[in-house]
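**Q** Protein chains in written order, with this note's numbering: chain A, 31 to 230; chain B, 31 to 230.
Backbone N, C-alpha and C define an ideal beta-carbon position, used for all residues, glycine too.
Below are the structure tokens for one structure; questions will follow.
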DNA sequence: ATTAAAACATACAGTCTGCATGTTTCTGTG
DNA sequence: CACAGAAACATGCAGACTGTATGTTTTAAT
């Protein structure tokens, strides 16, 4: 029955199966959300069986975590690509934020990363993922600005990073549901410039 | 069989049943979260049957929405209670925020209102609830400060309200998971004072 | 009193998740 | 290259849950 089936190493089999599962799951999670996506649909789209899914992932949540990780990495990559070497610190922050909003404008990403993610994995679980990807560059940007003397030196870096990240996330959500994108961009810029103004 | 059953009006029957359902659901949603709470458990705790539940609520989501509404109202009440009449605008904002964080420190409230809420009802659905309660006073506070000349006049009120609310929410979540509360309070104050500094 | 309607209870159908148990494909060793 | 043994995958099953359809009781209205 396995006529032209070229022989594949176990590692190859696993990796492709995992990849095809994550891809199919990502598509459905983005289209319908976590709760409305059933594992039978995922495996059907992936062309495998539920046995394979539960062989590679502990449960549905673990598969979701893998998808969220991949998506967060993609968003981080798109974001960092927008920050060029020559930029001034403040400019880098603004441009990076801009790119972050653009990356999250991809349909379904806000639901996956900002709504389902925290609910399914918990805020702590989502923080772990974010800290491996997106938040890193934001925190880096803030540190950069502080060092350049553009932000107060007594600023609690970690906390402020979280708050600004959260503001950007909310802006992305609001924009997606029809909010005034320019108003949110302006408000974000004012938050950053306001911090800078504290240096006076 | 209904020996000493005093006769109750239909309205009374409905209202008490709805109330007892919402109370039981709130307790369980707060303890275990939305997804891990089954309707059989809710009705058992409430002392009714699933028939009653589905008579009064369209589905589990609708019951959750009612719970979230009640909880948001409670948080708003606690928050507004902390803002006294004589306060200066900035002080009112800070104190109100403080009270908001304290209200959200009640166990399970962050999960209910900040994690499950947006995931189950969507950000838009949660906004509707928030706009009926908590966000109103925050927006009012911001308008207040702007009018007092303490914030830039070209500030996009609606967007900034959302961003600051989001920052407070994230602070509440971070504090609950062991974050440095003082750092977050300081960071929030810096965001507000930074905006004020833009008036220079 | 009697009939309608609202409130509530019971029963059922369909679906989903996670696991236990097969079967196939690869890996390592003599 | 034969042949265990393990890894990868498939199939089948048990328990649980949601939403609805249908029954029963309590209130309302004439």
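1. When we look at the beta-carbon of residue 131 of chain B and count the other beta-carbons within 10 Å, is it buried (16 or more) or exposed?
2. Relative to the C-alpha of residue 138 of chain A, which residue among B/144, B/149 and B/87 is closest?
3. Please compile the residues from chain A whose C-beta is within a distance smaller than 8 Å of the C-beta of residue 145 of chain B.
4. Can you confirm whether residue 188 of chain B, when its beta carbon is compared against all beta carbons of chain A, has any partner nearer than 8 Å?
5. With DSSP collapsed to three states, give me the class of residue 242 of chain A.
6. Express the C-alpha separation of residue 108 of chain A and residue 241 of chain A in angstroms, rounding to a whole number.
7. Check whether the Cβ atoms of residue 193 of chain A and residue 200 of chain B sit closer than 8 Å, and answer yes or no.
8. Which chain A residues sit within Cβ distance under 9 Å of residue 182 of chain B?
9. Of all the CB atoms in chain A, is at least one closer than 8 Å to the CB of residue 199 of chain B?
10. Strictly below 8 Å CB to CB, what residues from chain A border residue 214 of chain B?
11. Would you call the stretch 47-57 of chain A in contact with the stretch 78-97 of chain A, where contact means no fewer than 3 C-beta pairs closer than 8 Å?
12. Between which two residues does the alpha helix (DSSP H) carrying residue 94 of chain B extend?
13. Quick check on the DSSP output: the alpha helix (DSSP H) that includes residue 87 of chain A runs from which residue to which?
14. With a threshold of 8 Å between beta-carbons, can residue 210 of chain A be considered close to chain B, or not?
15. Flag this pair as yes or no: are the beta carbons of residue 70 of chain B and residue 220 of chain A separated by less than 8 Å?
16. Return yes when the Cβ of residue 140 of chain B is within less than 8 Å of the Cβ of residue 169 of chain B, no when it is not.
17. Return no unless some Cβ of chain B is closer than 8 Å to the Cβ of residue 58 of chain A.
18. Mind listing the chain B neighbours of residue 142 of chain A? Cutoff is C-beta to C-beta under 9 Å, in chain order.
19. Quick one: what's got a C-beta closer than 7 Å to residue 125 of chain B's C-beta in the same chain, skipping five residues either side?
20. Is residue 218 of chain A near residue 175 of chain A, with beta carbons less than 8 Å apart?
21. Using a C-beta to C-beta distance shorter than 8 Å, which residues of chain A count as neighbours of residue 204 of chain B?
22. Write down the C-beta distance between residue 144 of chain A and residue 202 of chain A rounded to the nearest angstrom, noting that I regard them as a contact closer than 8 Å.
23. Measuring only the C-alpha atoms, how far is residue 78 of chain B from residue 66 of chain B?
**A** To lay it out plainly:
1. buried
2. B/149
3. 148, 149, 152 and 153
4. yes
5. An answer regarding residue 242 of chain A cannot be provided, because it is not within the stretch 31 to 230 covered by chain A.
6. With chain A represented from 31 up to 230, any question about residue 241 of chain A goes unanswered, as that position is not in the structure.
7. yes
8. 220 and 224
9. yes
10. 186, 189, 192 and 193
11. yes
12. 90-111
13. Segment: none, residue 87 of chain A is in no alpha helix (DSSP H) and carries neither H nor E.
14. yes
15. no
16. no
17. no
18. Within 9 Å Cβ-Cβ: nothing; residue 142 of chain A doesn't reach chain B, min ~11 Å.
19. 112, 113 and 117
20. no
21. 153, 189 and 192
22. 7 Å
23. 20 Å
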